[in-house]
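Engineer: The numbering used here puts the first residue of the sequence shown at 1283, with every later residue one more than the last. Using N, Cα and C, we set each Cβ at its ideal position, and we do this for glycine too.
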Amino acid sequence: MKKHSRSFSALTKLIVSLLTILFLLCSCGGELDGTWESTSDEDTRIRFAGENVRISYDDFRIEGTYELTDDGTIVFRLTDENGNKYKIQAFLTYDKRNKIITLKNPKGETETFVK
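(1) Could you give the DSSP three-state label for V1298: helix, strand or coil?
(2) Roughly how many whole angstroms lie between the Cα atoms of I1339 and Y1368?
(3) Let's see if you can read the secondary structure: which residues bound the beta strand (DSSP E) around D1362?
(4) Between which residues of its own chain and T1317 is the CB-CB distance below 6 Å, once the five residues before and five after are set aside?
(5) Pick out whichever of G1390, V1335 and G1312 has its Cα sitting closest to the Cα of A1372.
(6) Round the Cβ separation of E1313 and K1378 to the nearest angstrom and send it over; I've been treating them as touching at under 8 Å.
(7) Once you ignore the five residues that flank T1239 on each side, which residues in its own chain have a CB closer than 8 Å to its CB?
(8) Could you pull out every residue in the same chain whose Cβ sits closer than 6 Å to the Cβ of K1397, ignoring the five residues on either side in sequence?
Written as structure tokens, this is what we have:
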């Protein structure tokens, strides 16, 4: 009986954890929607719309989709106007109150954007 009770408890915890993660990802996605401008270069922008994203710098634009992973990483899958494909990963931190996102790439370089 104890084994069955532990299995049920573990399954319940797993389901609650998955639902919590799903809720956080959904709520963050809606919060990300809109255009974000780099604080270090006003010509660099990221526009989120649902699961779609466009990153622009001057006349250069790449578009595609993004996803947020469980560990706070954002993964962009993008294509430029010539059909070149890019996969960009960064750790995302989000300050809801000040409407600021910070992206930190695997090299440790950071870029901050405001809405």
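Structural biologist: Per the coordinate set shown:
(1) Legend: pLDDT at V1298 = 47, less than 50; position of this residue unreliable, value from coordinates given subsequently. V1298 carries a helical assignment under DSSP once its states are collapsed to helix, strand and coil.
(2) According to the sequence as given, residue 1339 is Tyr; it is not Ile. Going by the C-alpha atoms only, they are around 15 Å apart.
(3) T1355 to D1362 is the extent of the beta strand (DSSP E) around D1362.
(4) Around T1317: R1327 and R1329.
(5) The candidate whose alpha carbon is nearest that of A1372 is G1390.
(6) Right, the Cβ-Cβ distance comes to about 6 Å (below 8 Å), so this counts as a contact.
(7) Residue numbering for the chain in the displayed model covers 1283 to 1397; residue 1239 lies beyond these limits and cannot be assessed.
(8) Contacts found: G1316, W1318 and K1381.
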